[in-house]
Structures are given as structure tokens and as C-alpha cells.
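Report on the structure given below.
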Amino acid sequence: MHNFRNLKVWQKSVDFAVKIYLETKEFPKEEKFGMVSQMRRARVSVPSNIAEGSAKSSGKAFSNSLEISLGESYELETQLEISKRVGLLDEEKSSSLHEDLVEIQRMINGLKSKVES
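What follows is the structure, given as C-alpha cells:
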């Protein structure tokens, strides 16, 4: 069992979720129930699954929660790419968010490997 608040990957993913929230506030109103909704659900799921998994009593269960979190991060990565391609995000913002997300994905994979060993 881990204290999720002490996990750097949880801290970074919460910070990232805030960034996504702020960026999607700028999206057009017609995207409220489309891309905004999708991205906000995925961004919350990443740190939430890390936190949930940290309470599991077995490494296998924690690893499974980290895998779910990783899957949500890839979903969000896809939504970022689509947002860039349709002009909801400019290249600079998209690139910055993508770099942050890739770092979080690496951290999740690293923690998952550590938990599994």
C-alpha cells in the first residue's frame, strides 16, 4: 500500500489534469459535450486510478489500476492529437501538453514495473 499523495506520478498527473481543465475552458461552447467532456473525463481518470490502485492490498491489483491509468492517458493523447488537427489547440500548446503526458506515461510504466517486481 502506497500513500498516493507521495507518488510523483500522481502529483504530476493532477497538475496535468488542471492544465487540461484550463485549456479546455478555452474550447468553443459547441465542444462542451464533445471533446471537452471526453478530455476532462480522461484527465481525471489518470490520477484517480493511480490513487485507487495505491489502496489495493496486492501488487497485481495496483499494477492493474496503473494499466487502466495508462490506457486513459493514451486515450487523452489521442484526444490531444485530434484537438490539434481540428484547430482546437495550437501547435505550441499541443506540443507542450504532449510532452507532459509522455513524461507521465513513462512514470506510470516505471511505477508499474517496480510494483510488478
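Residue numbers (this note's numbering): 468 to 584.
Beta carbons: idealized from backbone N, C-alpha and C, even for Gly.
Keep in mind the model is a prediction, meaning the values are calculated, not measured.
Span of the alpha helix (DSSP H) around residue i
i: residue 482; result: 475-492
i: residue 577; result: 558-583
i: residue 533; result: 526-552
i: residue 514; result: 502-521
Under 8 Å between C-beta atoms of residue i and residue j
i: residue 476; j: residue 549; result: no
i: residue 568; j: residue 543; result: yes
i: residue 508; j: residue 487; result: no
i: residue 474; j: residue 532; result: no
i: residue 517; j: residue 540; result: no
i: residue 551; j: residue 490; result: no
Status (buried if at least 16 other CB within 10 Å, exposed otherwise) for residue i
i: residue 514; result: buried
i: residue 500; result: exposed
i: residue 525; result: exposed
i: residue 553; result: exposed
Alpha carbon of residue i to alpha carbon of residue j, nearest angstrom
i: residue 562; j: residue 493; result: 17 Å
i: residue 523; j: residue 581; result: 15 Å
i: residue 546; j: residue 565; result: 11 Å
i: residue 485; j: residue 478; result: 11 Å
i: residue 480; j: residue 470; result: 15 Å
i: residue 497; j: residue 519; result: 33 Å
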